[in-house]
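At position 32 of the sequence shown (counting the first as 1) the number is 681 in this note's numbering, and the numbers step up by one without a gap. To keep things clear, I will list the structure first and then write my remarks on it.
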Amino acid sequence: MKTASALRRRILFFLLYPIISSSAFLFAEQEAPQKSEPLARPAPEIIEDSLLVLINEERGKQGLPGLRLSPALTQLARKHSQDMAARDKLSHLSREGGAYLDRLVGEGFFFGRMGENVARSETFASRWIHQSLMDSPEHRENILDPAFDEVGIGVVDQGKTCYFITQDFIQSLETTSVEEARKAVVSKILAIRLEHKLPPIKITENKNQLAQLFAHARAEGQPPPPFPEGLGEMLVFYMATPFLDNFER
Numbered sequence: 650m651k652t653a654s655a656l657r658r659r660i661l662f663f664l665l666y667p668i669i670s671s672s673a674f675l676f677a678e679q680e681a682p683q684k685s686e687p688l689a690r691p692a693p694e695i696i697e698d699s700l701l702v703l704i705n706e707e708r709g710k711q712g713l714p715g716l717r718l719s720p721a722l723t724q725l726a727r728k729h730s731q732d733m734a735a736r737d738k739l740s741h742l743s744r745e746g747g748a749y750l751d752r753l754v755g756e757g758f759f760f761g762r763m764g765e766n767v768a769r770s771e772t773f774a775s776r777w778i779h780q781s782l783m784d785s786p787e788h789r790e791n792i793l794d795p796a797f798d799e800v801g802i803g804v805v806d807q808g809k810t811c812y813f814i815t816q817d818f819i820q821s822l823e824t825t826s827v828e829e830a831r832k833a834v835v836s837k838i839l840a841i842r843l844e845h846k847l848p849p850i851k852i853t854e855n856k857n858q859l860a861q862l863f864a865h866a867r868a869e870g871q872p873p874p875p876f877p878e879g880l881g882e883m884l885v886f887y888m889a890t891p892f893l894d895n896f897e898r
């Protein structure tokens with residue numbers, strides 16, 4: 650049989666327990682940290698730099714060389730991002746309807762291949778932007794294209810809720826003079842004939858000049874010049890290529 654004092658201790662225990670538990674809850678409530686301030690939006694240039702690092706990290710995983718950042722391509726990419734932001738529209742076409750190819754040619758770029766990624770993002774987290782591009786097969790293909798060696802990245806803060814991003818890729822070309830290009834083509838022709846055990850072709854200046862007239866007419870969309878008399882039978886062969894070593898047999 651329990652004594653009265655033992656019963657009182659048990660009652661006090663059950664009475665005190667919820668009071669202690671409540672005190673602990675209230676204490677935790679009072680010591681809870683206040684809500685943090687919203688993260689500051691980074692400058693677009695910081696996002697551009699981060700995206701370049703992520704692109705080259707991705708290429709490195711595939712054993713591909715990193716891309717060089719082109720200041721001229723970056724300006725082209727920024728202009729297109731500004732154009733998209735002003736229209737609040739994601740598009741490869743500019744306000745005037747020009748595609749990336751038109752913008753490259755209009756600015757005087759020399760290139761063998763080209764590709765463009767555009768994106769609209771409500772986050773400024775570069776890794777999330779990059780991952781969303783990698784999750785798209787078309788965008789991933791541009792990022793990992795082994796032919797590309799230069800990139801321009803343009804990020805514009807629309808000032809509302811989103812960023813517009815443009816990534817412009819090219820396979821750059823070294824420019825050569827007309828004479829250097831002619832020598833390269835002649836060398837290729839002679840090498841092909843030698844490979845097939847054929848005698849070399851004699852190159853004459855008057856035929857060079859005639860060939861130059863045909864090339865100019867073709868490049869400008871004009872009709873070919875008349876054949877001079879006395880040359881006999883002639884074969885005119887046209888080829889348009891950014892790479893002189895792609896000369897076909």
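For glycine and all other residues, C-beta sits at the position ideal for the given N, C-alpha and C.
The C-beta separation of S719 from E799 comes to about 4 Å, placing the pair in contact by the 8 Å criterion. Selection S743, A774 and L793 evaluated against G709 yields L793 as nearest (Cα-Cα). As DSSP reads the structure, R727 sits in no beta bridge. Judged by DSSP in its simplified three-state form, Q820 adopts strand. By alpha-carbon distance to K856, the top candidate from A868, E882 and K837 is E882. Excluding sequence positions up to five before and after I819, its CB lies within less than 6 Å of the CB of F760, M763 and E799, all in the same chain and listed in chain order.
T723 is classed as buried because its beta carbon has at least 16 other beta carbons within 10 Å across all chains shown.
The stretch 829–844 makes no contact with the stretch 726–739; the number of CB pairs closer than 8 Å stays below 3. Leaving aside the five residues that flank P873 on each side, the residues in its chain whose CB is nearer than 6 Å to its CB run, in chain order, F863 and A866. It is roughly 16 Å from the alpha-carbon of P795 to the alpha-carbon of L701.
When Cβ pairs closer than 8 Å are counted between the two stretches, the stretch 767–782 is seen to touch the stretch 805–816, the count reaching three or more. Following the DSSP letters along the chain, one finds G709 inside the alpha helix (DSSP H) bounded by residues P693 to K710. Under DSSP, the beta-bridge partners assigned to N766 are Q816. In summary, H845 is exposed, with fewer than 16 beta-carbon neighbours lying within 10 Å of its beta-carbon over all protein chains present.
CA-to-CA, the gap between M783 and R789 works out to about 5 Å.
Listed as beta-bridge partners of E799 by DSSP are R717 and I819. P691 has its alpha-carbon roughly 31 Å from the corresponding atom of D751.
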